[in-house]
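**Student:** First, the structure itself, so that you have it in front of you.
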Amino acid sequence: MKYARIIGTGGYLPPNIFTNADWEERVATTDEWIVERTGIKSRHIAGVDETAASMGTIAAQKALESANVAAKDIELILVATGTPDKIFPATACLIQKNLKIPTCIAFDIQAACSGFVYALSIAEQYIKSGTVSKALIVCSELMSRLIDWSDRSTCVLFGDGAGAVILEASSAPGILATGLYADGNYDKLLYVDNQQLRENKNYISKTSHQYLENLHPFIQMQGQRVFKLAVAKLGDLIKDIQLKHKITLEEIDWLIPHQANMRIIQATADKLHLPMEKVICTVETHSNTSSASIPLALDIAVRDGRIKKGQTVLFEAIGGGLTWGFALAKL
Ligand code: ACO
551 MKYARIIGTG GYLPPNIFTN ADWEERVATT DEWIVERTGI KSRHIAGVDE
601 TAASMGTIAA QKALESANVA AKDIELILVA TGTPDKIFPA TACLIQKNLK
651 IPTCIAFDIQ AACSGFVYAL SIAEQYIKSG TVSKALIVCS ELMSRLIDWS
701 DRSTCVLFGD GAGAVILEAS SAPGILATGL YADGNYDKLL YVDNQQLREN
751 KNYISKTSHQ YLENLHPFIQ MQGQRVFKLA VAKLGDLIKD IQLKHKITLE
801 EIDWLIPHQA NMRIIQATAD KLHLPMEKVI CTVETHSNTS SASIPLALDI
851 AVRDGRIKKG QTVLFEAIGG GLTWGFALAK L
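Sequential numbering from 551 applies to the sequence shown in our numbering.
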């Protein structure tokens with residue numbers, strides 16, 4: 551049986567650190583409020599010249615090095631991002647160019663914070679079908695460009711960064727199961743409108759103007775509803791993992807959840823009956839980096855020696871769409 555195995559990880563965090571005290575100077579908030587409600591103490595903010603492609607390229611380079619794989623051997627590049635450098639070409643093509651990866655399959659996916667689990671599942675299909683034998687997944691997010699810096703209810707939650715993994719075809723177990731879900735009926739709970747659609751308004755009939763004027767170029771979020779749905783949907787995932795995929799909780803060595811909020815992470819760990827010692831948490835210093843949060847946390851825990859070869863890791867995420875899902879992998 552052919553598996554898709556994660557054989558290398560990489561990450562990049564912009565050097566500029568923005569603390570809760572920095573937010574206290576900008577909006578009516580306090581370190582105490584942010585820590586109590588979210589567990590976040592600081593986040594990294596990209597420099598003016600940094601982009602999803604530039605950050606993603608660095609993370610990908612590190613993943614290639616750790617996997618000991620040459621760029622020329624990559625046959626599939628998947629990039630998850632909500633902040634692509636361009637509407638087209640895909641950020642995957644820009645990273646391909648930066649890394650001098652020869653002609654291959656390269657495209658972006660949009661699944662908001664669930665981007666990494668979606669990308670793992672897609673890459674697994676390509677590898678298991680024999681279409682490719684080595685794949686690069688990059689999740690790169692510039693959330694600081696999507697927030698309204700004067701809206702205290704959202705601005706304190708997000709940060710920038712990129713994470714990457716290399717997958718290869720293997721006869722030894724790798725990805726064991728994935729589950730992906732989406733429900734577009736929840737589209738208004740968490741969204742950013744496409745600002746580009748505003749730009750040509752002068753050429754569009756007057757009746758359309760009102761719609762265009764109402765576009766929101768920054769993150770709009772119904773925080774409490776998202777919170778409740780996150781806890782409920784991630785709870786359902788756990789039933790799915792146990793019943794459909796016949797995986798017992800004892801088989802899971804580590805949980806790497808999407809890092810949105812410490813309270814959501816704790817509630818999910820409780821439902822899994824996993825002690826917090828088995829949960830990799832980076833939300834305190836990374837905040838929410840959307841799709842990049844899981845591969846960044848994975849990279850940190852692999853490099854600091856917590857996650858060891860042969861251990862089983864459960865990744866789970868929920869985000870705008872709503873989209874949600876999981877992937878279970880033996881490393
Ligand atoms: N500092 C101080 N006060 C604030 C801040 C802030 N940064 N933001 C909001 N408040 C105030 C509100 O104005 C409100 O004041 P009021 O009572 O005078 O009206 C009060 O705090 C309570 O606001 P709520 O929105 O009810 O606060 P809540 O306890 O729900 O916490 C939070 C807000 C942290 C956003 C929470 O709802 C949450 O974590 N939701 C999940 C959303 C999330 O994680 N989104 C990330 C993207 S989705 C994802 O990745 C899964």
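For each residue, glycine too, the CB sits at the ideal point set by N, CA and C.
Since this is a predicted model, take the numbers as computed values, not measurements.
R775: buried (16+ other C-beta within 10 angstroms of its C-beta) or exposed?
**Tutor:** The residue you call residue 775 lines up with position 225 of the sequence shown. R775 is exposed by the Cβ-count criterion.
**Student:** Using three-state DSSP, classify M771 as helix, strand or coil.
**Tutor:** Position 221 of the sequence shown, counted from the first residue, corresponds to residue 771. Looking at M771 - three-state DSSP - the assignment turns out to be strand.
**Student:** With three or more C-beta pairs closer than 8 Å as the rule, is the segment 621-628 touching the segment 656-673?
**Tutor:** The segment 656-673 vs the segment 621-628: in contact.
**Student:** May I ask which residues mark the beginning and end of the alpha helix (DSSP H) holding D849?
**Tutor:** Position 299 of the sequence shown, counting from 1, holds the residue named residue 849. It spans 843-853 - the alpha helix (DSSP H) in which D849 sits, taken as one unbroken run.
**Student:** Please list the segments of the alpha helix (DSSP H) lying wholly inside the segment 792-873, counting only runs of 4 or more residues, in order along the chain.
**Tutor:** Qualifying alpha helix (DSSP H) stretches, in chain order: 812-821, 833-836, 843-853.
**Student:** Let me confirm a value: S510 is counted as buried when at least 16 other C-beta atoms fall within 10 Å, else exposed. Which label applies?
**Tutor:** This structure leaves residue 510 out entirely; the chain is present only between 551 and 881.
**Student:** Identify the continuous alpha helix (DSSP H) that holds C654 and give its terminal residues.
**Tutor:** Against the sequence shown, residue 654 aligns to sequence position 104. First-last for C654: undefined, no H or E at that position.
**Student:** Out of curiosity, what's the CA-to-CA distance linking V863 and D849?
**Tutor:** On the sequence shown, position 313 is the one that residue 863 refers to. On the sequence shown, position 299 is the one that residue 849 refers to. Their backbone Cα atoms lie some 13 Å apart in a straight line.
**Student:** Relative to the alpha-carbon of K684, which residue among D599, A554, K821, I797 has its alpha-carbon at the smallest distance?
**Tutor:** Sequence index remark: in the sequence shown, residue 684 carries index 134 (1-based). Of the candidates D599, A554, K821, I797, the one whose C-alpha sits nearest the C-alpha of K684 is A554.
**Student:** Who are the near neighbours of A621 in its chain, counting only those whose CB is closer than 7 Å to its CB and skipping five residues on each side?
**Tutor:** The count along the sequence shown starts at 1 and reaches residue 621 at position 71. Only L614, L649, K650, I651 meet the Cβ criterion.
**Student:** Whose C-beta lies closer than 7 Å to the C-beta of A819 among residues of the same chain, with five residues either side of it excluded?
**Tutor:** Against the sequence shown, residue 819 aligns to sequence position 269. Closer than 7 Å at the Cβ level, and outside the excluded window around A819, lie L805, M826, V829.
**Student:** Give every residue of the same chain whose Cβ lies closer than 6 Å to the Cβ of W573, excluding the five residues on either side of it in the sequence, and list them in chain order.
**Tutor:** Here the question's residue 573 lines up with position 23 in the sequence shown. The residues are T579, V706.
**Student:** Nearest to S703 by CA position, among L793, M771, T601, is which residue?
**Tutor:** Reading the sequence shown from its first residue, position 153 is the one you call residue 703. Selected option, being the one with the closest Cα: M771.
**Student:** Please determine whether the Cβ atom of S703 lies at a distance below 7 Å from any heavy atom of the ligand ACO.
**Tutor:** Taking the first residue of the sequence shown as 1, we reach residue 703 at position 153. Within the cutoff, so yes.
**Student:** Is DSSP giving V715 helix, strand or coil here?
**Tutor:** In the sequence shown, residue 715 corresponds to position 165, counting from 1. Reduced to three states, the DSSP call for V715 is strand.
**Student:** Let me know the secondary structure DSSP gives T728 once reduced to three states.
**Tutor:** In the sequence shown, residue 728 corresponds to position 178, counting from 1. Three-state DSSP puts T728 in a strand.
**Student:** Buried or exposed: V852, going by 16 or more other Cβ atoms within 10 Å of its Cβ?
**Tutor:** The count along the sequence shown starts at 1 and reaches residue 852 at position 302. Result: buried.
**Student:** In terms of residues, what are the limits of the beta strand (DSSP E) holding E691?
**Tutor:** Here residue 691 refers to the residue found at position 141 of the sequence shown. Note, E691: beta strand (DSSP E), 684-692.
**Student:** Is there at least one non-hydrogen atom of the ligand ACO closer than 7 Å to the beta-carbon of A712?
**Tutor:** The residue you call residue 712 lines up with position 162 of the sequence shown. Every heavy atom of the ligand ACO is 7 Å or more from the Cβ of A712, so no.
**Student:** Between the beta-carbon of T873 and the beta-carbon of A661, is there less than 8 Å?
**Tutor:** The residue labelled residue 873 in the question sits at position 323 within the sequence shown. The residue labelled residue 661 in the question sits at position 111 within the sequence shown. Yes, the pair counts as a contact, with Cβ atoms nearer than the cut-off.
**Student:** Do the segment 773-788 and the segment 806-817 meet, that is, are 3 or more Cβ pairs less than 8 Å apart?
**Tutor:** Touching, yes, given that three or more Cβ pairs across the two stretches are closer than 8 Å.
**Student:** Beta carbon of V667, beta carbon of A877: below 8 Å?
**Tutor:** Numbered from its first residue, the sequence shown carries residue 667 at position 117. Numbered from its first residue, the sequence shown carries residue 877 at position 327. Yes. Within cutoff.
**Student:** Buried or exposed: which applies to K880, given that a residue is buried once 16 or more other Cβ atoms fall within 10 Å of its Cβ?
**Tutor:** Within the sequence shown, numbered from 1, the residue matching residue 880 stands at position 330. Counting Cβ neighbours within 10 Å, K880 comes out buried, since at least 16 surround it.
**Student:** Cutting at 7 Å between CB atoms, please list the residues of its own chain near E674, excluding the five before and the five after it.
**Tutor:** Your numbering for residue 674 matches position 124 in the sequence shown. Counting only Cβ-Cβ distances below 7 Å, and skipping sequence neighbours, we find A554, I725, T728.
**Student:** Over what stretch of residues does the alpha helix (DSSP H) that includes L881 continue unbroken?
**Tutor:** If you number the sequence shown from 1, residue 881 lands on position 331. Run containing L881: none; DSSP gives neither H nor E here.
**Student:** Please classify L740: does DSSP put it in a helix, a strand, or coil?
**Tutor:** The residue given as residue 740 occupies position 190 in the sequence shown. Of the three classes helix, strand and coil, the one that applies to L740 here is strand, per DSSP.
**Student:** Short of 8 Å in beta carbon distance, which residues of its chain neighbour I797, apart from the five on each side in sequence? Order them along the chain.
**Tutor:** Translated into the one-based positions of the sequence shown, residue 797 becomes position 247. Cβ neighbours of I797 beyond the five flanking positions: L726, A727, I791, L878.
**Student:** Mapping DSSP to helix, strand and coil, what is T631?
**Tutor:** In the sequence shown, the residue the question calls residue 631 occupies position 81. Reduced to three states, the DSSP call for T631 is coil.
**Student:** Under 7 Å: does the beta carbon of M771 sit that close to some heavy atom of the ligand ACO?
**Tutor:** Locating residue 771 in the sequence shown gives position 221, where the first residue counts as 1. At least one heavy atom of the ligand ACO is nearer than 7 Å to the Cβ of M771, so yes.
**Student:** H766: beta carbon under 7 Å from a heavy atom of the ligand ACO?
**Tutor:** The count along the sequence shown starts at 1 and reaches residue 766 at position 216. Flag unset: Cβ of H766 not near the ligand ACO.
**Student:** Cβ of I802 within 8 Å of Cβ of L787?
**Tutor:** By 1-based counting over the sequence shown, the position of residue 802 is 252. By 1-based counting over the sequence shown, the position of residue 787 is 237. Their beta carbons are not under 8 Å apart, which means I802 does not touch L787 by this criterion.
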